[in-house]
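Using this note's numbering, you'd call the opening residue of the sequence shown number 288 and step up by one each time.
I have placed the structure first, in the form of structure tokens, so that the comments after it can refer back to it.
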Amino acid sequence: MKKFAAFLTIVLAVTFSAGLVISADAPEKITIKEIQKTKGPVEFNHKAHTTRAKACKDCHHKNEAGKEEKCSNCHKAKAEGKVVELKEAFHTTCKDCHKKMAKGPTKCDECHKK
Numbered sequence: 288m289k290k291f292a293a294f295l296t297i298v299l300a301v302t303f304s305a306g307l308v309i310s311a312d313a314p315e316k317i318t319i320k321e322i323q324k325t326k327g328p329v330e331f332n333h334k335a336h337t338t339r340a341k342a343c344k345d346c347h348h349k350n351e352a353g354k355e356e357k358c359s360n361c362h363k364a365k366a367e368g369k370v371v372e373l374k375e376a377f378h379t380t381c382k383d384c385h386k387k388m389a390k391g392p393t394k395c396d397e398c399h400k401k
């Protein structure tokens, strides 16, 4: 039993420290400006989100940890096949999470500063 407890402790330590290393490489702030037509760009504190999210895949849904890409690499201005358009991807990911957590902006002008 002691060997199992030691093994479990090591596994957990490695798992959590890997997440810290990955989030340490994450940019402090990100400005989303790819799709601005009528609204201003969205700037958010990426570093703060990396500490609140359980895993990178909570937002970067298709990427392996440490290999996250910009949403616009897959999601384009217009929907392509089963891949939703970029605007919908952002709104679904960000707004839905903010509503679920009952924290964070959910209205246009709260994210899109003029």
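Idealized CB from N, CA, C, for every residue including glycine.
| Asked | Found |
| --- | --- |
| Of the choices E330, P392, A340, whose alpha-carbon is the least far from that of K316? | E330 |
| Could you name each continuous alpha helix (DSSP H) segment of 4 residues or more that falls completely within the region 333-385, going from the start of the chain to the end? | 333-339, 373-377 |
| Evaluate T337 with the Cβ neighbour count: other Cβ atoms within 10 Å of its Cβ, from every protein chain shown; 16 or more gives buried, anything less gives exposed. | buried |
| Just reading off the beta strand (DSSP E) that K316 is part of, what are its end residues? | 316-319 |
| By how many angstroms is the C-alpha of P328 removed from the C-alpha of I319? | 6 angstroms |
| Roughly how many angstroms lie between the CA atoms of T380 and G368, to the nearest whole one? | 19 angstroms |
| Using CA coordinates, which residue listed in D383, K382, A364 is at the minimum distance from K374? | A364 |
| When the Cα atoms are used, what is the spatial distance from A342 to K326? | 29 angstroms |
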